[in-house]
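The block underneath contains the structure these notes are about, expressed in structure tokens.
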Ligand SMILES: [Zn+2]
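In my numbering, the protein residues as written are 2 to 483.
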């Protein structure tokens, strides 16, 4: 990390001037991640990994509460297995990394490194599932996957990334559809309540859906540069993979039937989403629910009363450490000013300052990262008030992000207006579409905007497509996307 003469963290790029530069500055200066000599790969640094662990734990709890169990499947997939499903392999073919040699020995069959685990897991389910009594199978795995990327964008597009992928098998079509929507709702609740990231949810158009899926549902967030980020997907796989991998069960009526399947996932991309939803000119802003440190305590140390201040902040830390994720920074090598800057960059939601004058008044200064507000709180038993403040920050960050999305909502049936909005303020545009892939393609060519989702609630009146003027439309959200 570069420091200027005073030892302060150097300014980061303005969001307004160059958003992608701002993003990289924040990722690197907040110590979240780094590049590696292998192009496309990312090193997740301890602070970034702590953030991921908090995201993971909060989501894992929800996955288990909805009846799923975790398991782990292998990294390698034999080519013949991956080839079994034509659409699926075609969708992923350009991105698969292959192992052709083990030690000194060339392999008889090359092994693909999983770009996703449908083939690996479905071929296993074909062995596990025999009877209706074996259903449903509700399994999730936390793993890494590899998709060979030509461009690296830390957390957003990397060759190897971390994710969770749920893979379920059901007895009926209705049950699979119910599961698909249940997990979409789990993701929505998680994104909004934990990540403080408002999302739109709905169905993907056919051209945007997952390779081999019958239906793909998604949640989409809006980043501060007006571009959308797909934050999670839930697929109804129908019986497609069951037929390809021969996953059959003997039903109560003694008939052999194919299972109905779903798969759903979110990845380390969410970290990119959190950065671009909440970050500002001073760096990262983290929602308290996932912040590696919810509170940082910084003593103001001067010669006089140095020991007293230190004793007090250590006592404060001991009292708080079981209730909050708290860091005491009593390091002497940096000035308090440098530290303020540093923890603002790192997005720590609350900063506590204690100096000799605070001791005299038996109080401490508490500064909020979300809005810069300062409050003085009594040094004795501040836990309840700090807890309330953190809760308020969590709510406020969601509110701010929602206000940003709802600012000048764009709804248009006129293509010229559509183009103008996409060129200027961007954001989501709500417009009617006839359902034809060719119209979607034309709009993308001219505006770089794609259909992000087809929301569940549709206005009842019919109108004409924003591109071709034909009727039988549905209203969809368009945006430029990551
Ligand atoms: Zn059309």
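In this text, a Cβ means the ideal position worked out from N, Cα and C, and glycines have one as well.
(request) Answer yes or no: does any C-beta atom of chain D fall closer than 9 angstroms to that of residue 350? (result) Annotation note: the requested chain D is absent from the structure, which comprises a single protein chain.
(message) Buried or exposed for residue 359, going by 16 or more other Cβ atoms inside 10 Å?
(response) Working through the chain shown from its first residue, we reach residue 359 at position 358. Flag for residue 359 reads buried.
(message) Between which two residues does the beta strand (DSSP E) holding residue 433 run?
(response) As a position in the chain shown, residue 433 is number 432, starting the count at 1. Where residue 433 is concerned, the enclosing beta strand (DSSP E) stretches over 430-434.
(request) Kindly indicate which three-state DSSP category residue 306 falls into: helix, strand or coil? (result) Here residue 306 is taken as the residue at index 305 of the chain shown, counted from 1. Coil at residue 306, not helix or strand.
(message) Give the list of continuous alpha helix (DSSP H) stretches no shorter than 4 residues that lie fully inside the region 228-262.
(response) Counting only runs of 4 or more residues that sit fully inside the region 228-262, the alpha helix (DSSP H) segments are 241-246, in chain order.
(request) Let me know if residue 468 comes out buried or exposed under the rule of 16 or more other beta-carbons within 10 Å of its beta-carbon. (result) Position 467 of the chain shown, counted from the start, is the residue given in the question as residue 468. The residue is buried, with at least 16 neighbouring Cβ atoms inside 10 Å.
(request) Confirm the yes/no value for this check: CB of residue 437, any heavy atom of ligand 1, distance under 8 angstroms. (result) Along the chain shown, one-based indexing puts residue 437 at 436. A heavy atom of ligand 1 is found nearer than 8 angstroms to the CB of residue 437.
(request) Kindly indicate the opening and closing residues of the alpha helix (DSSP H) around residue 198. (result) Numbered from its first residue, the chain shown carries residue 198 at position 197. If you look at residue 198, you'll find it isn't in any alpha helix (DSSP H); DSSP assigns it neither H nor E.
(message) Following a CB-centred definition, is residue 418 positioned closer than 8 angstroms to any heavy atom of ligand 1?
(response) Counting from 1 along the chain shown, the entry for residue 418 is found at position 417. For residue 418, the shortest separation between its Cβ and any heavy atom of ligand 1 does not lie below 8 angstroms.
(request) Note down, one range per segment and in chain order, each alpha helix (DSSP H) of at least 4 residues found wholly within the region 74-161. (result) The region 74-161 contains these whole alpha helix (DSSP H) runs: 80-84, 87-93, 119-129.
(request) Please indicate yes or no: does the CB of residue 434 lie closer than 8 angstroms to some heavy atom of ligand 1? (result) Indexing the chain shown from 1 puts residue 434 at position 433. Residue 434 Cβ: within cutoff of ligand 1.
(message) Just verifying my parser: in three-state terms, what is the DSSP assignment at residue 172?
(response) Residue mapping note: residue 172 aligns to position 171 of the chain shown, counting from 1. Residue 172 falls in the coil class under three-state DSSP.
(request) Assuming residue 297 and residue 344 form a contact by the criterion Cβ under 8 angstroms, report the distance between their Cβ atoms to the nearest whole angstrom. (result) The residue you call residue 297 lines up with position 296 of the chain shown. The residue you call residue 344 lines up with position 343 of the chain shown. Correct: roughly 5 angstroms between the Cβ atoms.
(message) Do residue 478 and residue 431 have their beta-carbon atoms positioned less than 9 angstroms apart in this structure?
(response) Within the chain shown, numbered from 1, the residue matching residue 431 stands at position 430. Within the chain shown, numbered from 1, the residue matching residue 478 stands at position 477. The Cβ atoms of residue 431 and residue 478 lie closer than 9 angstroms to each other.
(message) Just checking residue 407 against ligand 1 - is the residue's beta carbon closer than 8 angstroms to any of the ligand's heavy atoms?
(response) The residue labelled residue 407 in the question sits at position 406 within the chain shown. For ligand 1, no non-hydrogen atom lies closer than 8 angstroms to the CB of residue 407.
(request) Give the single residue among 324, 68, 177, 14 whose Cα lies nearest to the Cα of residue 30. (result) Counting from 1 along the chain shown, the entry for residue 30 is found at position 29. Of 324, 68, 177, 14, the residue nearest in Cα terms is 14.
(request) Work out the CA separation of residue 233 and residue 279 for me, nearest whole Å. (result) Against the chain shown, residue 279 aligns to sequence position 278. Against the chain shown, residue 233 aligns to sequence position 232. C-alpha separation (whole angstroms): 18 angstroms.
(message) For the region 260-280 against the region 234-250, do three or more pairs of beta-carbon atoms, one drawn from each stretch, fall closer than 8 angstroms, so that the two count as touching?
(response) Contact holds: three or more Cβ-Cβ distances are below 8 angstroms.
(message) Suppose contacts are defined by Cβ-Cβ distances below 9 angstroms. Is residue 121 in contact with residue 162 by that definition?
(response) Sequence index remark: in the chain shown, residue 121 carries index 120 (1-based). Sequence index remark: in the chain shown, residue 162 carries index 161 (1-based). In this structure, residue 162 does not lie closer than 9 angstroms to residue 121 by Cβ.
(message) Restricting to runs no shorter than 4 residues, where is the alpha helix (DSSP H) found entirely within the region 313-390?
(response) Counting only runs of 4 or more, we get 337-346, 357-362.
(request) Could you tell me if the beta carbon of residue 174 falls within a distance shorter than 8 angstroms of some heavy atom in ligand 1? (result) The residue you call residue 174 lines up with position 173 of the chain shown. For ligand 1, not one heavy atom lies less than 8 angstroms from the Cβ of residue 174.
(request) Following the continuous beta strand (DSSP E) through residue 222, name the residue where it begins and the one where it ends. (result) For the purposes of this step, residue 222 is taken as residue 221 along the chain shown, with counting starting at 1. Element bounds for residue 222: 216-223.
(request) Please name the residue in 149, 16, 397 whose C-alpha comes closest to that of residue 525. (result) Lying before the first or after the last residue shown, residue 525 is absent from the chain, which here runs from 2 to 483.
(request) Would you kindly work out how many angstroms separate the C-alpha atoms of residue 199 and residue 164, rounded to a whole number? (result) Reading the chain shown from its first residue, position 198 is the one you call residue 199. Reading the chain shown from its first residue, position 163 is the one you call residue 164. For residue 199 and residue 164, the gap between their C-alpha atoms comes out near 21 angstroms.
(message) Less than 8 angstroms separating the Cβ of residue 179 from some heavy atom of ligand 1?
(response) For the purposes of this step, residue 179 is taken as residue 178 along the chain shown, with counting starting at 1. Residue 179: no, Cβ never under 8 angstroms from ligand 1.
(message) Using C-beta distances below 7 angstroms, list every residue in its chain close to residue 22, excluding the 5 sequence neighbours before and after it, in chain order.
(response) What you label residue 22 is simply residue 21 of the chain shown in a count that begins at 1. Hits under 7 angstroms: 14.
(message) Rounded to the nearest angstrom, what separates residue 204 and residue 68 at their Cα positions?
(response) To locate residue 204, count along the chain shown from 1; it is residue 203. To locate residue 68, count along the chain shown from 1; it is residue 67. Each residue's CA atom was taken as its position, placing residue 204 and residue 68 some 24 angstroms apart.
(message) On the DSSP letters alone, give me the boundaries of the beta strand (DSSP E) that residue 475 sits inside.
(response) By 1-based counting over the chain shown, the position of residue 475 is 474. Start and end: 475-480.
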